Amino acid sequence: MLAQSLWAPESASTISDRVDALYWFLNGLTLFFTVLIAFLVIYFAVKYRRRSPLEVPKPVEGSLRLETLWAAIPLAIVMFIFVWGASLFYDMRRPPDDAQEIYVVAKQWMWKLQHPGGQREINELHVPLGRPVKLIMTSEDVIHSFFVPAFRVKQDVLPGRVTTLWFEATRPGRFHLFCAEYCGTGHSQMIGWVVVLPPAEYEDWLRSRAEGSLALEGRKLFTKLRCISCHNNEQPRAPSLEAVFNKQVLLDTGRTVPADESYLRESILEPRAKVVAGYQPIMPTYKGQVNPEEMFQLIEFIKTLRLGETPPRVEETAPPIEETAKPQAEGKKREESK
Ligand code: CUA
13 MLAQSLWAPE
23 SASTISDRVD
33 ALYWFLNGLT
43 LFFTVLIAFL
53 VIYFAVKYRR
63 RSPLEVPKPV
73 EGSLRLETLW
83 AAIPLAIVMF
93 IFVWGASLFY
103 DMRRPPDDAQ
113 EIYVVAKQWM
123 WKLQHPGGQR
133 EINELHVPLG
143 RPVKLIMTSE
153 DVIHSFFVPA
163 FRVKQDVLPG
173 RVTTLWFEAT
183 RPGRFHLFCA
193 EYCGTGHSQM
203 IGWVVVLPPA
213 EYEDWLRSRA
223 EGSLALEGRK
233 LFTKLRCISC
243 HNNEQPRAPS
253 LEAVFNKQVL
263 LDTGRTVPAD
273 ESYLRESILE
283 PRAKVVAGYQ
293 PIMPTYKGQV
303 NPEEMFQLIE
313 FIKTLRLGET
323 PPRVEETAPP
333 IEETAKPQAE
343 GKKREESK
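Quick note on this note's numbering: the sequence shown kicks off at 13 and runs consecutively.
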């Protein structure tokens, strides 16, 4: 729509076209009556002008028909607008049940956004294309307002209260995010971007940015430390770790032990202490390569690893037995890469 590109921000959500339609209808209606009334004022002023100083107009007694009409027509028009606006309002206010939830904390003067997987962002919000997103919002200090013009959504963000907002993006891209409530000297800098990604790219983004979630950090480590080259489903050289947590594990000594946190920890630091029956003791130690925090991340990853969720092997790597010869060099590399 030409008028849209000239007068309105681009339209990028499922409701933005509907909001625009109502907006342009109201503008059109206003313009129509403005022109009509202005024309009639001038037309009647000319037509019924006083033609001589002695002219006395006929008295008007009133007209029931006319009065009914000028009450009924505007009533019909405003009721039509009311029903239209109310149905749009309901759809805007009620998030679908399957909406993805994202937490928003506003403070002077930034937007802090958190995904359920622990991914955190500031002044930038990544969302999937074509999926409803529900924002659960609150403020740390004063009243702010979350406003994305391209989605035609705006909602105040209040201290001590939780407000929600939902949208479904229909186009990939970057869209402006504003604070639309004056909140202090930095108000004008309280801006950012909503980045809409196709679902697959969004999943990749979530994975790459999963900082707060121990399990996802552990997953990254699992690939980075190349645990994946043996603990995989394609060419396993080591036991699968799927759904192993707290299960009984049969060792090559014939003993069984529970795969609890301490067993997992021991197996990472001293892999040859308790070797699972049926496997070669080829795993190198990761002592010195994982710090306690990373250890917890790996354990959390294994804890939450369900059947079929082992990440795919991304690349061929040398069997880890060769790495035992150069643990120092490997450790150094890891330091440098930080
Ligand atoms: Cu926050 Cu204006």
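Positions of the beta carbon are idealized from the N, C-alpha and C atoms, including for glycine. Bear in mind the structure is a predicted one, so any value in this text is a computation, not a measurement.
query	result
contact_flag[the stretch 147 to 155, the stretch 230 to 249] where n(CB pairs < 8 Å) is 3 or more	no
Nonlocal neighbours in the same chain, by C-beta distance under 6 Å from Lys315, ignoring five residues either side	Phe257
Chain-order list of residues whose beta-carbon lies under 8 Å from that of Gln201 (same chain, five-residue window excluded)	Trp121
Check whether Leu125 and Pro184 have beta carbons under 8 Å apart	no
Closer than 7 Å: His199 CB and nearest ligand 1 heavy atom	yes
Assigned secondary structure, Phe187 (DSSP; H/G/I helix, E/B strand, else coil)	strand
Cβ-heavy atom distance, Glu193 to ligand 1, below 7 Å	yes
Any non-hydrogen atom of ligand 1 within 7 Å of Trp19 CB	no
Ligand 1 heavy atom lying under 7 Å from the CB of Ala33	no
Close-in-space but distant-in-sequence residues of the same chain around Ala118 (CB under 6 Å, 5 per side omitted)	Ser151, His156 and Val169
Per DSSP, the bridge partner or partners of Val139	Val208
Minimum length 4: unbroken alpha helix (DSSP H) runs contained in the stretch 206 to 270	211 to 220 and 226 to 236
Stretch-stretch touch, CB-based, cutoff 8 Å, three pairs: the stretch 201 to 216 with the stretch 283 to 301	no
Helix, strand or coil at Glu327 according to DSSP, with G and I counted as helix	Here the model assigns Glu327 a pLDDT of 49, short of 50, so the residue's position is not dependable, and the following value carries that caveat. In this structure, Glu327 counts as coil in the three-state DSSP scheme.
DSSP three-state assignment for Ile114, whether helix, strand or coil	strand
Meets three-Cβ-pair contact criterion under 8 Å: the stretch 38 to 46 and the stretch 188 to 196	no
Residue burial classification, Ser23 (beta-carbon count within 10 angstroms, cutoff 16)	buried
Per DSSP, the bridge partner or partners of Trp82	The partner list for Trp82 (beta bridge, DSSP) is empty, contrary to what the question assumes.
Cβ neighbours of Val116 in the same chain (closer than 6 Å, five flanking residues each side left out)	Leu125, Leu147 and Met149
Near ligand 1: Arg118 beta-carbon under 7 Å from a heavy atom	The identity of residue 118 in the sequence shown is Ala, whereas the question assumes Arg. Flag set: Cβ of Ala118 near ligand 1.
Spatial neighbours of Lys345 in its chain, beta-carbon cut-off 8 Å, leaving aside the 5 residues before and after	The predicted model places Lys345 with a pLDDT of 43, which falls under 50 and marks its position as unreliable, so this point remains unresolved.
Inter-residue CB distance, Glu229 and Thr322 (contact presumed, cutoff 8 Å)	With 8 Å as the limit, Glu229 and Thr322 do not qualify as a contact, their Cβ atoms being about 17 Å apart.
Where the beta strand (DSSP E) containing Asp29 begins and where it ends	Run containing Asp29: none in the beta strand (DSSP E); it sits in the alpha helix (DSSP H), Ser28 to Lys59.
Presumed contact (8 Å Cβ cut-off) between Phe187 and Val208, rounded CB distance	7 Å
Heavy atom of ligand 1 within 7 Å of Met202 beta-carbon	yes
Cβ-based neighbour list, Ser252, same chain, cut-off 8 Å, excluding 5 preceding and 5 following	His243, Asn245 and Thr322
Stretch pair the stretch 80 to 98 + the stretch 106 to 115: three plus CB contacts closer than 8 Å	no
Buried or exposed (CB count within 10 angstroms, at least 16 for buried), Ala289	exposed
Trp121 Cβ short of 7 Å to ligand 3 heavy atom set	For ligand 3, the structure offers nothing, since it holds only ligand 1.
Status (buried if at least 16 other CB within 10 Å, exposed otherwise) for Arg164	buried
Nearest residue (CA-CA) to Ala212, options Ile280, Val139 and Thr42	Val139
Phe101, buried or exposed, once every other Cβ within 10 Å from all chains shown has been counted against 16	exposed
6 Å Cβ shell around Leu310 - same chain, five flanking residues per side excluded	Gly230 and Leu233
Beta-carbon proximity list for Arg325, same chain, < 8 Å, skipping 5 on both sides	Ile240, Ser241, Asn244, Glu246 and Gln247
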